[in-house]
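A.B. asks: Mind having a look at this structure? Questions to follow.
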Amino acid sequence: MKIIDSKGRLFGKLSLLDLAAACVILLVVVGVFFFPGTPLTSNLVAQTKQQPIEVQVLVRGLSIANYEVLAEAFKTEKQADIVIRNQPAGKVSVLNSEVLPRTTTVPQPDGTVKALNDPRPEIVMIRDLILTLGSKAEVTSTGFVLSGSKKIKIGSSIQLQGNIYDFSGTVIAINAKES
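What follows is the structure, encoded as structure tokens:
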């Protein structure tokens with residue numbers, strides 16, 4: 086009696102293909118129950134060195150009736166939520182806020198142009214601001230990465246949220262500070 090006959094059966098009863106399929110099914114069942122599907126990298130935490138940065142944000146055309154209330158909120162709250170590309174990116178400190186003057190160009194009789202304060206009454210409620218924000222970020226070769234893998238670059242639109250405010254601005258400068 087041959088071990089494998091002409092039809093590929095083991096001892097004339099069990100096909101080698103059936104035996105191979107049964108082994109594969111058995112290995113899959115053992116793998117599912119004894120090695121659950123958690124990725125191997127789930128327990129790894131990236132050990133990166135974060136350093137303090139200062140980000141300057143330009144806010145143009147912020148409509149606000151009483152700027153002093155907003156300035157007081159910046160001083161008392163100290164922390165604000167930041168949203169980058171519609172994704173929360175953690176908290177930042179509001180270090181400074183500077184109001185930019187609203188000007189308009191006025192042609193002069195000699196043909197030159199001067200920038201003078203805008204005389205329109207509604208301009209009192211429209212402010213341009215430069216905010217200085219502080220945070221910690223990882224410095225990489227491609228830029229700065231805030232917590233939660235949110236890259237921040239000059240020109241990025243960011244949204245700043247506090248207890249009484251929620252507005253957007255554009256990053257105009259990023260400076261790394263020595264820790």
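Here the sequence shown is numbered in my numbering, starting from 86 and rising by one per residue.
Heads up, the beta-carbon is just placed ideally off N, CA and C, and yes, glycines get one too.
Keep in mind it's a predicted model, so treat the numbers as computed, not measured.
Return helix, strand or coil for I89, following the three-state DSSP convention.
C.D. replies: strand
A.B. asks: So, are the CB atoms of L147 and R212 less than 8 Å apart?
C.D. replies: With contacts defined as CB atoms closer than 8 Å, L147 and R212 qualify as a contacting pair.
A.B. asks: Classify A261 as buried or exposed, calling it buried when 16 or more other Cβ atoms lie within 10 Å of its own Cβ.
C.D. replies: exposed
A.B. asks: What residue from N248, F120, S100 has the CA that sits closest to K176's CA?
C.D. replies: With distances taken between CA atoms, K176 lies nearest to N248 out of N248, F120, S100.
A.B. asks: Whose C-beta lies closer than 8 Å to the C-beta of S253 among residues of the same chain, with five residues either side of it excluded?
C.D. replies: V144, S242, I243, Q244, L245
A.B. asks: From G228, S232, I215, pick the residue whose C-alpha is nearest to that of I257; which is it?
C.D. replies: I215
A.B. asks: I think Y265 touches L155, with their Cβ atoms under 8 Å apart; what is that distance to the nearest whole Å?
C.D. replies: Nothing can be reported for residue 265, as the shown portion of the chain is limited to 86 through 264.
A.B. asks: So, at 6 Å on beta carbons, what are the nonlocal neighbours of K98 in its own chain, with the 5 sequence-adjacent residues on each side left out?
C.D. replies: Correct list: empty, nothing qualifies.
A.B. asks: Pair every Cβ in the region 163-171 with every Cβ in the region 232-241, then say whether three or more of these pairs are closer than 8 Å.
C.D. replies: They touch, by the three-pair rule.
A.B. asks: How would you call F118, buried or exposed, if buried means at least 16 neighbouring beta carbons within 10 angstroms?
C.D. replies: Exposed, because fewer than 16 other Cβ atoms sit within 10 Å of the Cβ of F118.
A.B. asks: On a CA-only basis, which of P206, V114, P192 is nearest A282? Give me that one, please.
C.D. replies: No answer is possible for residue 282: the residues shown for the chain start at 86 and end at 264.
A.B. asks: Got a sec, what are the start and stop residues for the alpha helix (DSSP H) T32 sits in?
C.D. replies: Here the chain covers residues 86 to 264 and nothing more, so residue 32 does not appear.
A.B. asks: Determine the DSSP secondary structure at L129, reduced to helix, strand or coil.
C.D. replies: Because L129 carries a pLDDT of 48, less than 50, the predicted location of this residue cannot be relied on, and no value is offered for it.
A.B. asks: Given a cut-off of 8 Å on the beta-carbon distance, is the pair S178 and Q164 in contact?
C.D. replies: In contact: S178 and Q164 (Cβ atoms closer than 8 Å).
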